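Worksheet for the structure shown next.
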Amino acid sequence: MANLAALLENSAEKYADRDAVVFGDTRLSYALLNMLANQLAGYLTSAGIKPGDKVALSCPNVPYFSIVYFGILKAGAVVVPLNVLLKGREIAYHLDDSDAKAYFCFEGTPDLPMGTEGHKGFTQTETCETFVVITADPAGASPIDGVQTLFGVMGGQAGEYDTVQTDDDDTAVILYTSGTTGQPKGAELRHRNMRDNALLGEALFGADADNPDTYLCVLPLFHSFGQTVIQNGAFAYGGTVVMLPRFEPQPALDLMLKEKVTFFAGVPTMYWGLLGALEEGVDVASIKENLRVAAAGGAALPGEVHREFEHRFGITILEGYGLSETSPVASFSPLGKEVRVGTIGTAVPGVEMKLIDAEWNDVDTSDPSAIGEIAIKGHNIMKGYYGRPEATEEVLKDGWFRTGDLATVDADGYFTIVDRAKDMIIRGGFNVYPRELEEVLMTHPDVSLVAVIGVPHDSHGEEIKAVVVPRPGATVDPDELVAWGKEQFAAYKYPRIVEVVSELPMTSTGKILKRELS
């Protein structure tokens, strides 16, 4: 079972007629999805793609993503999923950096012409030899002259394919980090990294192939969270993935109701969006009746959102933690135990976590308030950053991966994120952790969402600024909020500057882009 594609193949053998993927009125059974992936693998082999070659994929949450993803794996090649919002220049960088030999790109929409940008990037590369456009209509003509289409290359290929056998330590996927500093780096993840993380579904979520879950896929599949926890996690246990290309609160609620969704996973801003979309017309009772698991990750979940979601939906959000470099899940709130709001749970089975200082020394955690950087060791740790041995050496040592995230840990092993090491503000020599301030500011009755950042200051080095989105119908007075914050925080840490905005910049995965704030 070394090849990650076995997750799909095993379910196709056992649950051939079950729905694997649902998209609008399209429903693909496991048998059909597996057959289509076989055809794609057959094309790749005929096109000269060899085991270990890199094949890039730009595709939103539509069934084509799963077809191409597993087709690449079946051929023994390495999947390189790319963010669908990248422009031509950025695409060329990723293709060259990963040494991609072929590139599959969804044609997109008039508002998001991915195919045009993808082809532009392809023409600027030095290594990529093949470009295939994925049309929304399987029978559709190529929107780019002279460019072959996905179903054009799959046509005539056999529906059966002998999957290339790989070793556990062979690279299955290269996931690019968000590149918050410097150029994005590709984390090389082995077949066993990705497979073992997906198979955590039973231990973490109570996944049961005899009572399969229906997963709402709003997390981008090019990102590790959606890829492992939703797509691969569902396929490992014969579940159904209901795809939504772009997260919008009302369509997400509608799908939860229509498809009787039992499993929802999202980043904090998605939960915030769902709560904001609730109106009297939403049949929350029926959604509550079906929803079995609500999981959060990707960023710290504000306690206020946690409590409000439990009040409205009758289910406690289980919070976890991970990174692209950890496949991604590293810790999670233990199933069946009381959720400790504000924590990211404990290390998952087969994984160790500890706190270290800047020199890799263990932090003494006998004091539960001691802060250190999270380090992780286990079956989920990447090989390294593709083509970057020096960057790899900076974060990997004796099997331990240093995350850049600061946390505390209690006597029971529950970790609490304090902040990103790079987000920490140093004001007048004092360390200030933005997440602490954001948690409190979110409790203000007029505040809906907030991001706290540091801005340059002549005498203090950095000053603290809060960028605030008001609640619908509310007005936030900056001076009043500064005064309110002064009552809540020590003198060195309350925000002296407040800016009111209608929305915060976010990544395609729903994380707040603090680097775009100033």
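So the sequence shown is numbered by UniProt numbering: it starts at 1 and just counts up by one. The beta carbon of each residue, even a glycine, is placed where N, CA and C say it ideally should be. As the structure is a prediction and not an experimental result, all values here were calculated from the model.
Residue i and residue j closer than 8 Å at C-beta
i           : j    : result
E373        : T403 : yes
G108        : G115 : yes
V218        : L253 : no
H496        : V482 : Note that residue 496 corresponds to Arg in the displayed sequence, not to His. A contact, by the Cβ cut-off of 8 Å.
P302        : E202 : no
G485        : L517 : no
Y271        : A234 : no
P220        : N3   : no
L95         : A56  : yes
L355        : A407 : yes
residue 519 : V261 : Residue numbering for the chain in the displayed model covers 1 to 518; residue 519 lies beyond these limits and cannot be assessed.
K493        : I464 : yes
E259        : V22  : yes
M353        : A330 : yes
L36         : S58  : no
L189        : T214 : no
I144        : A102 : no
Inter-residue Cα distance where the pair is residue i and residue j
i           : j    : result
C128        : E117 : 15 Å
V273        : P249 : Just to set this straight, residue 273 is Gly in the shown sequence, not Val. About 6 Å.
L200        : F225 : 13 Å
G24         : A75  : 29 Å
V267        : H306 : 12 Å
G42         : N34  : 12 Å
Y386        : K54  : 11 Å
E9          : G399 : 31 Å
H191        : Q231 : 15 Å
D210        : A411 : 37 Å
residue 522 : N431 : Outside the displayed range of the chain (1 to 518) lies residue 522, so it cannot be described from this structure.
T326        : E480 : 42 Å
G152        : A187 : 32 Å
K185        : V173 : 13 Å
R420        : R435 : 9 Å
P63         : R27  : 9 Å
H460        : V68  : 53 Å
F332        : T346 : 6 Å
I417        : G239 : 31 Å
R340        : H311 : 16 Å
G179        : I91  : In this prediction, G179 has a pLDDT of 49, which is less than 50 and means its spatial position is unreliable; what the coordinates show is noted afterwards. Their Cα atoms are separated by approximately 14 Å.
D97         : K514 : 26 Å
G206        : L73  : 27 Å
T149        : L40  : 12 Å
E390        : G384 : 10 Å
H223        : R292 : 23 Å
L112        : K87  : 10 Å
T181        : K511 : Because the pLDDT at T181 is just 47, under 50, the model does not fix this residue reliably, and the value given afterwards should be weighed accordingly. Taking the straight line from one Cα to the other gives about 15 Å.
E462        : G473 : 33 Å
L175        : D364 : 33 Å
L275        : V467 : 21 Å
R18         : V242 : 13 Å
G336        : N197 : 20 Å
V348        : L396 : 20 Å
P51         : I376 : 30 Å
Boundaries (first-last residue) of the alpha helix (DSSP H) holding residue i
i    : result
I497 : From DSSP, I497 is part of no alpha helix (DSSP H) but of the beta strand (DSSP E) over I497 to V500.
P212 : No alpha helix (DSSP H) contains P212, which DSSP labels as neither H nor E.
T392 : P389 to V395
D19  : Note, D19: premise wrong, no alpha helix (DSSP H); beta strand (DSSP E) at D19 to F23.
G121 : M114 to T123
I72  : P63 to K74
D479 : P478 to Q488
L85  : Careful: L85 lies outside any alpha helix (DSSP H) and carries neither H nor E.
N10  : A6 to K14
M506 : M506 -> no alpha helix (DSSP H), and no H or E assigned at all.
M154 : L150 to M154
Endpoints, beta strand (DSSP E) assigned at residue i
i    : result
S98  : Not the beta strand (DSSP E): S98 falls in the alpha helix (DSSP H), residues G88 to S98.
I174 : T171 to Y176
F225 : Per DSSP, F225 belongs to no beta strand (DSSP E) and is neither H nor E.
L189 : G186 to R190
P143 : No beta strand (DSSP E) holds P143; DSSP gives it neither H nor E.
P81  : V78 to P81
I134 : T130 to I134
Contact with chain B by residue i, beta-carbon distance below 8 Å
i    : result
S366 : Absent from the structure is chain B; it holds one protein chain and no more.
Point to revise | Whole beta strand (DSSP E) elements within the stretch 297–378, 3-residue minimum | key: Look at the stretch 297–378 and you find these whole runs of beta strand (DSSP E), each 3 residues long or longer: 318–322, 329–332, 351–356 and 372–378.
Review point. For the stretch 400–472, which segments carrying the beta strand (DSSP E) assignment without a break, of at least 3 residues, lie completely within its bounds, in sequence order?
Key: For the stretch 400–472, whole beta strand (DSSP E) runs of length 3 or above, ordered along the chain, are 400–409, 415–420, 425–427, 430–432, 447–457 and 461–470.
Practice item. Return the chain-ordered ranges of every alpha helix (DSSP H) run that is complete within the stretch 242–290 and spans a minimum of 4 residues. Key: Taking only runs of at least 4 residues, the alpha helix (DSSP H) segments lying wholly in the stretch 242–290 are 249–258, 268–277 and 284–290.
**Study point:** Completely contained alpha helix (DSSP H) runs for the stretch 27–61, where each covers 4 or more residues
**Key:** Taking only runs of at least 4 residues, the alpha helix (DSSP H) segments lying wholly in the stretch 27–61 are 30–46.
Review point. At a cut of 8 Å, does the stretch 357–366 reach the stretch 309–328 through at least three beta carbon pairs?
Key: Contact fails: fewer than three Cβ-Cβ distances are below 8 Å.
Practice item. Count the CB pairs spanning the stretch 131–139 and the stretch 155–165 that are closer than 8 Å, and state whether there are at least three. Key: Contact between the stretch 131–139 and the stretch 155–165 is absent, because fewer than three Cβ pairs lie under 8 Å.
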